[in-house]
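Trainee:
Protein chains: 2
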Amino acid sequence: MGLDVSPLAPQSFPELGEVAGVNLFVGATGETYGDRVNVLLAQFDSGTIAAGVFTQSRCASAPVEWCRVALAQAHCRALVVNAGNANAFSGKQGALAVDSIASHIARETGCAAEEIMLASTGVSGEPLNAQPVLDVLSALSEGARAKYLDAAVAIGTTDTFAKGAQAVFFDDGAQANIVGIAKGSGMIQPDMATMLSFIFTDMPITKPVLQNLLEAGVQTSFNAITVDSDTSTSDTCMVFSTGQAKGIAPIVSMDDPRVEAFGKALGDVLFDLAMQVVRDGEGASKFIEVEVTGAVSDASAKTVARSIANSPLVKTAIAGEDANWGRVVMAVGKAGEPANRDRLSIRFGELTLAENGLRSPSYSEELASAYMKNSELKISVDLGMGQGCGTIYTCDLTHGYISINGDYRS
Amino acid sequence: MGLDVSPLAPQSFPELGEVAGVNLFVGATGETYGDRVNVLLAQFDSGTIAAGVFTQSRCASAPVEWCRVALAQAHCRALVVNAGNANAFSGKQGALAVDSIASHIARETGCAAEEIMLASTGVSGEPLNAQPVLDVLSALSEGARAKYLDAAVAIGTTDTFAKGAQAVFFDDGAQANIVGIAKGSGMIQPDMATMLSFIFTDMPITKPVLQNLLEAGVQTSFNAITVDSDTSTSDTCMVFSTGQAKGIAPIVSMDDPRVEAFGKALGDVLFDLAMQVVRDGEGASKFIEVEVTGAVSDASAKTVARSIANSPLVKTAIAGEDANWGRVVMAVGKAGEPANRDRLSIRFGELTLAENGLRSPSYSEELASAYMKNSELKISVDLGMGQGCGTIYTCDLTHGYISINGDYRS
């Protein structure tokens, strides 16, 4: 891709354990990325269940529409992901490509086509040609099994590093593994940033409970990040549970006392992956946590935090290492949520920059500027209106973003 | 400022006629812009009325709060604008500065302080020091009268050209002049982009009718533009009418048959100024009209158009002269308004790129790329849902924007 690894990347891909009942295979169609693998097949033993959340876009991709319907099935036997073509805005031809891939794997597996989940990422508006993917898939299940690192590479587009995370759930002496991979978010050709994430666990758990926990978990992870405010037509986050962890009784109800601990372990993986996506934000040089407290509600706090995190003026100021809290006031003001200028306080890290509607008496330009040199920053805003709080994670807006998204064809 | 004149700037400042009953004066405090004038005093003959619309920010500046209250007065005798300090997020001290400036001019004029309108633009979070402004104002009314070009220069911050426009309203043999100036939107120091616009007319008209026409006029002009989605705490657009045009009976009701023609003339000035603000958008290299039709309502169309116009991915693609209609689909999808992917059509200029949910059979990469070389572009989206339509005007997102807003302190 020619892109340097993000300065915010983790040191290395994590060591990930095995998830019983999951078999991974990867291959290359050779179309877009040369020899780099760009097709992932994850086979699941029978009895595996799936949960999923998808883009809110009104123009969702063909595989997203397929998965929404297929999720109604009790079980899931495989996941197929291709990178290079998002199969979005691809009309009937796109739907046919999805159908032929799912049917192919279903025949090989001996299951219903709707027990196969699909995701695609890459160029949009180009109808997906299923044949190269089918050719790769035909050869895959005879080949060597892949590792999660291979799988994370296979689903990437212009990611500058592979993204993986793990948590372990302990139940008396027994344990279940939760392993996840993700891709996002970069582009160097006329396509859309897409965010894909897949989590695999051997935890025995029922489908409704898993879906509940996934929906809760994404609120403070993937639904709490933004790179550039643009929502993909392909966003997909799915969890697959084989239930094969030994010595653990299944969780069959949200009332099970273990739900909290397992939900937290799942949430940790989702959060870790989401932060890695932010750290690979296009052109990112700073990782930014925006925390809003004192809002009239949690939803209101999140809206204000998102307004700050998406403001081009806030993001460019941070790229310039400028402690420009006036732009934070601006972003609070434009959010449309209840706020009172004269109760507002703003902190950068531990430094109070503004309080009670004006610059803090303790404000020091020197200290504030020194703080901005950090590569990880925290902006805290208290609205002084109520008890609502929320956090959004983002990155700065740099020349790198413009170069990646605007320069490549000029 | 060291900034080059925008490549989208008009050839020259327009020739503007006189507005009877308006006297302009400009001066320099010397604080921020050296010798460049940065204080405007517009004196109005008695009988002048004012109408105004202001930022929707929950953190509005001190002068905006002053004007909202002062507009309740029947008449208006002066407008004072200073550039360099926005007097925003400046607490009690900011309110006191506003009060002292208004009181000073009111004493000199022999009117109530609330008959003086104020606006400020520049740095925010710094309390405004009123004294330098008062010193300039004291000397002004004895000095030479200024022209509208001087006034447009005086209210600018990092504008790369002065913005003015005019329309003439004809009523039988008589005529009234409508002259306007505006500033926006650039910054080279830690302040917020602010949009100020002031229109002066000698049209005899009552305050409620003028307010109505202003509110209608901004919907398709200033409220239909975006440079970077960031809303200032200081946005102000005011119209002052001296009523001194000779031989024209006053418009006293919205039922007057001349309302449409005068409203159109006023709207022409507002639209002209708003387009000039877009053409001076920070780093702009392309002027873009985004037209959405076939929405379920006009409001829905405008929301979708704004989603496209504010999308960083759409804006960077245009900067790169890339006919990336897939990003337009993405921006339609994320807008949250009713849309149906399979009824969507997209045109760039006269070229149909996509229709009925996929790439158009007539699509030509070569023709599309050639079109993108133009400096003025039109993106048309038909949602195929209903009769609603709306247009938003914007500019592209370039390295210039990042440099102006992020580089200056790094």
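The listed protein sequences derive, respectively, from chains A and B. Numbering (our numbering) for the first sequence: 704 to 1113. Numbering (our numbering) for the second sequence: 704 to 1113. Note that the Cβ used here is the ideal one computed from N, Cα and C, for glycine as well.
(1) At a CB distance below 8 Å, what residues from the region 1029 to 1046 of chain A approach chain B? Give them in sequence order.
(2) Buried or exposed for F873(A), please, with buried defined as at least 16 other CB atoms from any protein chain shown within 10 angstroms of its CB.
(3) Check whether the Cβ of F792(B) lies closer than 8 Å to any Cβ atom in chain A.
(4) For C940(B), which three-state DSSP category applies?
(5) Quick check on E1068(B): does DSSP put it in helix, strand or coil?
(6) Identify which residue in M906(A), D975(A), E829(A) has its Cα closest to the Cα of I884(A).
(7) Could you compute how far the alpha carbon of K949(B) sits from the alpha carbon of T732(B)?
(8) Classify K1018(A): buried if its beta carbon has 16 or more other beta carbons within 10 angstroms, exposed otherwise.
(9) What do you get for S1106(A), buried or exposed, if any count of 16 or more other CB atoms within 10 angstroms of its CB means buried?
(10) For S841(B), count the other beta carbons within 10 Å of its own beta carbon; 16 or more makes it buried, fewer makes it exposed. Which is it?
(11) Between the Cα of L1054(B) and those of S1072(B), K989(B), G1060(B), P835(B), spot the shortest distance and give me the residue it belongs to.
(12) Can you list, in chain order, the residues of its chain with a C-beta nearer than 6 Å to that of Y1104(B)? Leave out the 5 residues immediately preceding and following it.
(13) Go through its chain and collect everything with a Cβ distance to R1046(A)'s Cβ below 6 Å, but skip five positions before and after it.
(14) Beta carbon of T1097(A), beta carbon of A1012(A): below 8 Å?
(15) Determine the direct distance from the alpha carbon of T861(B) to that of V708(B), and round the result to whole angstroms.
(16) Any residues in the region 820 to 831 of chain B with a beta carbon nearer than 8 Å to a beta carbon of chain A? Which ones, in chain order?
(17) From what residue to what residue does the alpha helix (DSSP H) around T812(B) run?
(18) What number of angstroms, rounded off, separates the C-alpha of I891(A) from the C-alpha of P1015(A)?
(19) Can you confirm whether S760(B), when its beta carbon is compared against all beta carbons of chain A, has any partner nearer than 8 Å?
(20) Going straight from the alpha carbon of L852(B) to that of G867(B), what length do you get?
(21) Runs of 3 residues minimum, wholly inside the region 829 to 879 of chain A: which ones carry the beta strand (DSSP E) assignment?
(22) Considering Cα atoms alone, identify which of R761(A), D875(A), A857(A), G887(A) is closest to L782(A).
(23) Between which two residues does the alpha helix (DSSP H) harbouring S1083(B) extend?
(24) From which residue to which residue does the alpha helix (DSSP H) around A712(B) run?
(25) Under the rule that 16 or more other beta-carbon atoms within 10 Å means buried, what is S956(A), buried or exposed?
(26) Residues of the region 1066 to 1084 of chain A in Cβ contact with chain B at a cutoff of 8 Å, in chain order, please.
(27) Is the separation between the beta-carbon of V972(B) and that of A870(B) shorter than 8 Å?
(28) Is the distance from the Cβ of V784(B) to the Cβ of L727(B) below 8 Å?
(29) Among the candidates P713(B), E721(B), G1039(B), whose CA atom is the shortest distance from the CA of Q878(B)?
(30) Quick one: list the residues of chain A neighbouring D931(B), beta-carbon separation under 7 Å, in chain order.
(31) Buried or exposed: which applies to P766(B), given that a residue is buried once 16 or more other Cβ atoms fall within 10 Å of its Cβ?
(32) Starting from G1060(A), find everything on chain B with Cβ-Cβ shorter than 7 Å and list it in chain order.
(33) Counting only beta-carbon separations shorter than 8 Å, does A1022(A) have a partner in chain B?
(34) Classify R982(A) as helix, strand or coil using the three-state DSSP reduction.
(35) Within the region 1029 to 1062 of chain B, note down every full beta strand (DSSP E) run reaching 3 residues or more, in order along the chain.
(36) Taking the beta strand (DSSP E) that Q746(B) belongs to, which residues open and close that run?
Mentor: Short version:
(1) G1029, R1030, V1032, M1033, A1034, V1035, G1036, K1037, A1038, G1039, E1040, P1041, A1042, N1043, R1044, D1045
(2) The residue you call residue 873(A) lines up with position 170 of the first sequence. Exposed, because fewer than 16 other Cβ atoms sit within 10 Å of the Cβ of F873(A).
(3) Numbered from 1 along the second sequence, position 89 holds the residue referred to as residue 792(B). Chain A contact via Cβ: present.
(4) As a first step, residue 940(B) must be located in the second sequence, where it is residue number 237. In the three-state reduction of the DSSP assignment, C940(B) falls in the strand class, which pools E and B.
(5) Taking the first residue of the second sequence as 1, we reach residue 1068(B) at position 365. Here E1068(B) sits in helix by DSSP.
(6) The sequence position of residue 884(A) within the first sequence is 181, counting from 1. Selected option, being the one with the closest Cα: D975(A).
(7) For the purposes of this step, residue 949(B) is identified with residue 246 of the second sequence, where counting begins at 1. For the purposes of this step, residue 732(B) is identified with residue 29 of the second sequence, where counting begins at 1. In a straight line, the C-alpha of K949(B) is about 37 Å away from that of T732(B).
(8) What you label residue 1018(A) is simply residue 315 of the first sequence in a count that begins at 1. Per the 10 Å Cβ criterion, buried.
(9) Here residue 1106(A) is taken as the residue at index 403 of the first sequence, counted from 1. Label assigned to S1106(A): buried.
(10) The sequence position of residue 841(B) within the second sequence is 138, counting from 1. Exposed.
(11) Taking the first residue of the second sequence as position 1, residue 1054(B) is located at position 351. Among S1072(B), K989(B), G1060(B), P835(B), the Cα nearest to that of L1054(B) is on S1072(B).
(12) For the purposes of this step, residue 1104(B) is identified with residue 401 of the second sequence, where counting begins at 1. E985, G986, listed in sequence order.
(13) One-based indexing of the first sequence puts residue 1046(A) at position 343. Result list for R1046(A): G1087, in chain order.
(14) For the purposes of this step, residue 1097(A) is taken as the residue at position 394 of the first sequence. For the purposes of this step, residue 1012(A) is taken as the residue at position 309 of the first sequence. Closer than 8 Å, so yes.
(15) Against the second sequence, residue 708(B) aligns to sequence position 5. Against the second sequence, residue 861(B) aligns to sequence position 158. Near 10 Å, if we compare the C-alpha coordinates of T861(B) and V708(B).
(16) Cβ contacts with chain A come from V826, S827, G828, E829, P830.
(17) Here residue 812(B) is taken as the residue at index 109 of the second sequence, counted from 1. Unbroken alpha helix (DSSP H) run through T812(B): 794 to 812.
(18) For the purposes of this step, residue 891(A) is taken as the residue at position 188 of the first sequence. For the purposes of this step, residue 1015(A) is taken as the residue at position 312 of the first sequence. Reliability of the predicted coordinates at I891(A) is poor, the pLDDT of 23 falling under 50, and no value is obtained from them.
(19) Looking up residue 760(B) in the second sequence gives position 57. Yes, because at least one Cβ of chain A sits closer than 8 Å to the Cβ of S760(B).
(20) In the second sequence, counting from the first residue as 1, residue 852(B) sits at position 149. In the second sequence, counting from the first residue as 1, residue 867(B) sits at position 164. Spanning the two alpha carbons is a distance of roughly 7 Å.
(21) 866 to 874
(22) In the first sequence, counting from the first residue as 1, residue 782(A) sits at position 79. Looking at R761(A), D875(A), A857(A), G887(A), the one whose alpha-carbon comes closest to that of L782(A) is A857(A).
(23) Start at 1 with the first residue of the second sequence, and residue 1083(B) comes out as number 380. Looking at the DSSP string, S1083(B) is not in any alpha helix (DSSP H); the run it does join, the beta strand (DSSP E), is 1079 to 1085.
(24) For the purposes of this step, residue 712(B) is taken as the residue at position 9 of the second sequence. It is not in any alpha helix (DSSP H) - A712(B) carries neither H nor E in the DSSP assignment.
(25) The count along the first sequence starts at 1 and reaches residue 956(A) at position 253. Exposed, since its Cβ has fewer than 16 Cβ neighbours within 10 Å.
(26) For the region 1066 to 1084 of chain A, which is checked against every Cβ of chain B, the residues closer than 8 Å are S1072.
(27) Translated into the one-based positions of the second sequence, residue 972(B) becomes position 269. Translated into the one-based positions of the second sequence, residue 870(B) becomes position 167. A contact, by the Cβ cut-off of 8 Å.
(28) Mapped onto the second sequence, residue 784(B) falls at position 81. Mapped onto the second sequence, residue 727(B) falls at position 24. No, they are not a contact pair.
(29) Residue numbering aside, residue 878(B) sits at position 175 when the second sequence is read from its first letter. Closest by C-alpha distance to Q878(B), out of P713(B), E721(B), G1039(B), is E721(B).
(30) For the purposes of this step, residue 931(B) is identified with residue 228 of the second sequence, where counting begins at 1. Chain A residues near D931(B): P1015, L1016.
(31) On the second sequence, position 63 is the one that residue 766(B) refers to. A residue is called buried once 16 or more other Cβ atoms fall within 10 Å of its Cβ, and P766(B) is buried on that count.
(32) As a working note, residue 1060(A) is residue 357 in the first sequence. Per Cβ cutoff of 7 Å: F792, G794.
(33) In the first sequence, residue 1022(A) corresponds to position 319, counting from 1. Yes, its Cβ sits closer than 8 Å to a Cβ of chain B.
(34) Locating residue 982(A) in the first sequence gives position 279, where the first residue counts as 1. Note: R982(A) maps to helix in three-state DSSP.
(35) 1048 to 1051, 1054 to 1058
(36) Along the second sequence, read from residue 1 onward, the residue named residue 746(B) stands at position 43. Per DSSP, the continuous beta strand (DSSP E) segment holding Q746(B) begins and ends at 742 to 747.
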